[in-house]
Amino acid sequence: MRQQAARSVRRHVAFLLGLVVTGAAIGWYRAGDRTGAAPV
Numbered sequence: 062m063r064q065q066a067a068r069s070v071r072r073h074v075a076f077l078l079g080l081v082v083t084g085a086a087i088g089w090y091r092a093g094d095r096t097g098a099a100p101v
């Protein structure tokens, strides 16, 4: 039971991390696009 809870917590943390990374990447790309220095 405890192992399953730890696994779900880890999945939740990974999801939040992915969300933060995605948001940061989008914000960084938009900022670069605005200044004409887009990374892609």
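All the letters of the sequence shown, read from the start, carry residue numbers 62 to 101 under our numbering.
For glycine and all other residues, C-beta sits at the position ideal for the given N, C-alpha and C.
Near residue i, which residues of its chain fall below 6 Å by C-beta distance, leaving aside the five closest residues on each side in sequence?
i     : result
Trp89 : none
Gly84 : none
Output needed for residue i: all residues of its chain with C-beta closer than 8 Å, excluding positions within five of it in sequence on either side, in chain order.
i     : result
Gln64 : none
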